[in-house]
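Which chain is which? The protein sequence lines are Z and X, in order.
When the first sequence is numbered by my numbering, its final residue is 753 and no position is left out of the sequence of numbers.
When the second sequence is numbered by my numbering, its final residue is 153 and no position is left out of the sequence of numbers.
Beta carbons are placed, not taken as given, at the ideal position from N, Cα and C, and that holds for glycine.
Small disclaimer: the values here were computed from a predicted structure and weren't measured.
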Amino acid sequence: MNSAPSVVSRRGFLKTSATTAGGLMLAWHQLPAVFAANSERSGPAALGYFVRIEPDGTTVIGARGCEIGQGVKTSLPMLIAEELDADWSKVRVEQMSYGLVPSNEAPGVAAKYGPQGAGGSTSVSDGWSDLRQAGARARAMLVRAAAERWQTDAATLTTGNGHVLHPDGRSLSYGAVAGAAVLLAPPTADVALKKPADYRIIGRPTRTVDAEEIVTGRARYGLDATLPGALVAVVERCPYFSGGLASYDASAARAVPGVRDVVVLPGPAPGDALSANLATGVAVIADDTWAALKGRRALKVEWTHGPYAEESSASLDAQCTKLLAGQGRRVREDGNFDRARAAAARVVEARYRVPYVSHCPLEPQNACAHVQADKVTIVAPLQSPGGASRVAHQLTGIDRLKIDITMTRVGGGFGRRLSNDFVAEAVLLSKLTRKPIKVVWTREDDLRHDFYRPFGHHHMIATLDQQGTVTGWAHRLASASKHHRRPEIKPDELWMPEIYPDDFPARCVPNLRYEWFAVDSGMARGSWRAPAHTANAFVVESFIDEIAHASEQDPLALRLALLGPARELPYEQHGGPTFNPGRLAEVLKRAATAIGWGRPVASGRGLGLASHFTFGGYAAHAMEVSVDGAGGYRIERCVCAVDVGRAINPLGLEAQMMGGTIDGISTARNLEITIEGGRVRESNFDSYPLLGPRDAPDVEVIIVPSERDPAGAGEIGLPTAAPALANALYAATSKRVRSLPIRSLQA
Amino acid sequence: MTRFQLNGRPVEFEGDGEMPLLWYLRDKAGLTGSKFGCGAGLCGACTVHLDGQAVRSCSLPLASVAGRQVTTIEGLAGASLHAVQRAWIEEDVAQCGYCQAGQIMAAAALLSRQPAPGDTDIASLTNLCRCGTYPRIRRAIQRAAALLREGSAS
């Protein structure tokens with residue numbers, strides 16, 4: 007066993023990764039729940055989905071998830087390989103396509119391979135509960151095949167590193183028994199799983215399986231895919247929120263060599279979901295990308311400005327101020343905050359502002375689609391293939407079982423691709439033109455037509471007694487709900503993705519109020535990596551720092567006092583079912599120790615801390631900053647401590663913490679989407695300056711060893727970076743950052 | 000008609016000389032390793048070598064490369080992987096991987112003019128990575144420099 011990356015064949019690209027000649031599908035099926043619908047063989051030698059052993063011993067493992075950079079194409083196959091007892095050096099991972107099977111229950115289809123989307127940091131915890139069993143069942147069949155060969159009792163046999171082992175010392179490679187194993191009836195009930203002490207793959211630092219393909223340029227992303235005969239479409243979209251098409255003149259565009267057609271792409275009607283296409287547009291369809299881009303430049307389009315033409319960043323700020331002067335919806339009310347306030351020895355109060363930000367994955371949106379009379383083919387970089395399937399069904403009426411979806415490697419997700427508007431565009435254009443279509447977005451398209459992280463103002467109030475104990479806490483948030491124009495969401499549910507009632511410090515402060523106000527904004531909103539946690543962790547963790555300084559307490563000591571002892575508190579929102587403040591205290595202490603919390607620092611330097619619970623994981627950041635006196639600042643050291651339960655792939659977990667930290671820093675330092683005249687102002691990386699290598703610190707990652715079941719790691723690294731930075735800047739300058747981004751420390 | 004050398008082979012193109020090199024590579028030459036990220040020379044995902052120098056192919060009209068040598072990520076390796084590619088694998092740099100071809104081309108050009116890069120040399124690179132792989136990129140560049148030194152010493 008070594009952790010060398012295996013090279014993944016691209017043979018299966020644009021095809022489903024079913025059997026290849028000579029390959030043998032090892033059987034396992036009938037996982038509980040999601041697999042209940044699967045009782046049929048999907049091919050001659052294909053009984054199952056995830057494991058195929060070739061005669062030479064090559065172990066092909068299917069990767070069911072969307073690989074957006076979070077590492078599931080490596081970590082999920084590791085779960086299978088562990089229970090299979092495979093030789094990882096002989097494992098080749100193949101991306102699976104999206105799978106559905108008929109079901110008697112609504113909506114008439116069920117997931118063939120289990121959950122395949124990437125959202126909410128759930129891939130690893132889902133895989134932990136079903137993919138290990140997939141590996142174990144395949145292993146059981148190999149053992150039975152070997153037992154038959156040796157005419158012995160399967161219970162006496164063991165396995166190791168891709169071999170079945172006989173107690174007398176004989177062994178058979180998996181390749182040697184796979185041919186017999188596929189003929190056996192698969193286990194119909196769960197088989198026993200390994201003891202963690204026997205793990206050889208889980209917990210081992212393992213490089214990304216696609217590494218060689220990536221460094222040689224062979225890895226295929228959505229933008230690298232095409233369909234036979236596909237034309238390229240570039241769409242000029244209405245820049246005004248909910249605006250429309252007034253008129254257009256395509257004569258010059260049509261005259262551009264290579265341009266084949268110009269068609270109107272209708273936008274959503276008022277009230278329509280924005281999961282279909284986002285904006286009305288005019289599509290230029292051409293032989294290649296450059297001709298389409300040139301054709302679009304030659305278009306003349308007049309837009310109607312829509313109902314939000316007066317909206318601006320300033321008008322949203324004014325709206326928040328007005329809202330917060332009133333009373334909102336109280337979504338959590340513990341004890342009696344008003345009484346605590348009346349009795350307080352000290353009240354600390356502050357307002358924070360968190361801007362709209364864009365997902366901005368480096369691979370702009372794109373999708374290939376071909377709509378035919380009785381089927382649809384989609385090849386795209388996806389986070390939600392299920393959503394793509396539903397959108398394509400809604401737009402074409404074609405049976406979802408006839409919608410074939412291939413997920414390519416994805417050039418970043420960050421939540422952007424949970425919305426399938428780009429898929430909807432490709433499907434609609436293919437339906438309109440009756441041709442295979444590849445829709446390509448530019449960077450400007452991507453920045454101006456996103457589903458942005460919500461904007462909000464936070465009014466924070468804390469009450470303290472004579473001893474400095476926090477007796478009351480109010481978090482009053484006016485925000486533009488992430489649940490914007492989603493028909494299934496009722497108005498009284500809009501607050502739910504904005505402020506999570508069970509988030510800290512609930513249950514840690516006796517009198518506590520969370521209150522929400524709905525901001526009216528025309529901007530499309532969506533899930534941005536660690537959604538509301540990014541905003542709320544910044545505010546809550548900065549405000550605790552303010553309370554500590556106002557009451558002359560050490561920020562670490564105050565945090566630990568608020569968190570209290572280890573205990574499992576119910577946590578009903580995503581990431582539950584419990585939240586343990588003791589685990590949060592532990593990562594906080596580890597980060598603080600690593601940075602040398604409490605040591606004297608030079609003038610112009612400061613240390614800052616923050617911790618937060620996100621989607622089942624616990625993280626803390628500790629940073630040391632230096633300031634130059636002219637508004638500039640630099641992160642000198644950055645520590646991230648994390649507890650996500652058992653680390654499946656420590657190398658991947660470290661990467662996610664580094665990346666999440668840098669995403670958090672990039673966003674805190676530089677990024678804001680602003681609005682003027684009902685449209686987005688920013689257009690490319692000059693006005694939306696992602697953090698470059700010069701300002702990105704090294705990140706020292708501390709992984710808390712744990713035997714608990716794993717939580718996902720794709721989002722947990724982000725929320726505490728901004729408040730740790732802001733708290734360190736306060737320590738260095740005595741200037742409190744209450745509005746993001748922090749481009750300069752001068753007012 | 001534009002004639003130039005692409006990964007060591009002569010090519011000619013009769014189409015629009017205004018077409019950026021990137022779209023020629025991707026749509027006409029079938030070389031999709033160079034990526035489209037911004038179209039304005041800001042992110043570096045499209046970085047290739049022009050006569051050995053790192054350039055951003057999304058903003059380079061095809062006519063301007065006439066008579067010159069273009070090397071893309073597909074042409075970087077010889078019989079075995081380039082030291083920068085090996086170092087990238089060994090340091091497990093990639094997350095989504097989309098920017099990495101451009102990062103590797105930029106790093107390879109840096110190392111060809113500065114075989115022992117200091118922090119300032121590495122900080123002069125401006126290729127963006129949305130996943131935040133910069134710490135591992137720095138380590139991989141130093142590892143590649145060491146691999147190249149070993150290679151030239153042996």
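Spanning the alpha carbons of H365(Z) and L146(X) requires a straight line of approximately 36 Å. R155(Z) is positioned such that its CB atom lies closer than 8 Å to that of A186(Z). For I140(X), the three-state secondary structure derived from DSSP is helix. Of all residues in the segment 275-305 of chain Z, only D293, D294, T295, W296, A297, L299 and K300 come within less than 9 Å of chain X when Cβ atoms are compared, listed by chain position. In this structure, S617(Z) sits away from L657(Z), with a CB-CB distance that is not shorter than 8 Å.
From the beta-carbon of G582(Z), no residue of chain X is found nearer than 8 Å; the closest lies around 27 Å away. Neighbours of V78(Z) in chain X, taken as residues at a C-beta separation under 7 Å, are lacking, since the least C-beta distance is about 11 Å. For H539(Z), the enclosing alpha helix (DSSP H) has its first and last residue at P537 to A556. Within the segment 622-663 of chain Z, the beta strand (DSSP E) runs of at least 3 residues that lie entirely inside it are, in chain order, 623-633 and 639-649. Between T477(Z) and N126(X), the alpha-carbon positions lie close to 49 Å from each other. Three or more pairs of CB atoms, one per stretch, sit closer than 8 Å, so the segment 71-87 of chain X contacts the segment 0-10 of chain X. For K437(Z), the enclosing alpha helix (DSSP H) stretches over residues D427 to T439.
Contacts with chain X at 8 Å (Cβ-Cβ) include M664(Z). In the three-state scheme derived from DSSP, where H, G and I count as helix and E and B as strand, I384(Z) is classed as strand. In the three-state scheme derived from DSSP, where H, G and I count as helix and E and B as strand, R675(Z) is classed as helix. Straight across, the Cα-Cα distance linking R359(Z) with L483(Z) is about 10 Å. For R415(Z), the closest Cβ of chain X is nearer than 8 Å. Considered as a whole, the segment 342-406 of chain Z harbours 352-360, 372-377 and 382-386 as its complete beta strand (DSSP E) runs of no fewer than 3 residues, in chain order.
For W87(X), the enclosing alpha helix (DSSP H) covers residues A82 to E89. Contact between M529(Z) and Y362(Z) holds, since their C-beta atoms are separated by about 6 Å, short of 8 Å. Burial state of D159(Z) is exposed, judged by a 10 Å Cβ sphere holding fewer than 16 other Cβ atoms. A check of alpha carbon separations from P537(Z) across D340(Z), E316(Z), T212(Z) and R422(Z) identifies R422(Z) as the nearest. Under the three-state reduction of DSSP, Q68(X) is assigned to strand.
Distance check between G588(Z) and each of V78(Z), S321(Z), F510(Z) and G604(Z) places F510(Z) closest, using alpha-carbon atoms only. With contacts defined by Cβ atoms closer than 8 Å, L233(Z) and H376(Z) form a contacting pair. Taking CB atoms only, C45(X) has no neighbour in chain Z less than 8 Å away. Chain X has a Cβ within less than 8 Å of the Cβ of I74(Z). Considering only E89(Z), G419(Z) and A430(Z), the residue with the shortest C-alpha distance to H399(Z) is A430(Z).
If you compare the alpha carbons of A350(Z), A285(Z), F247(Z) and I443(Z) with that of E316(Z), the shortest gap goes to F247(Z). Between A661(Z) and C646(Z), the gap from beta carbon to beta carbon reaches 8 Å or more.
Per DSSP, the beta bridge partners of K444(Z) are V238(Z) and C374(Z). With contacts defined as CB atoms closer than 8 Å, S81(Z) and N655(Z) qualify as a contacting pair.
Think of a sphere of 7 Å around the beta carbon of L696(Z): the chain X residues whose beta carbon falls inside it are L127 and R129, in chain order. Counting only Cβ-Cβ distances below 7 Å, I140(X) has no contacts in chain Z at all, with the closest Cβ about 10 Å away.
Approximately 5 Å separates the beta-carbon atoms of A239(Z) and I443(Z); this is inside 8 Å, confirming the contact. If you check the CB distance, W522(Z) and R302(Z) do not come in under 8 Å.
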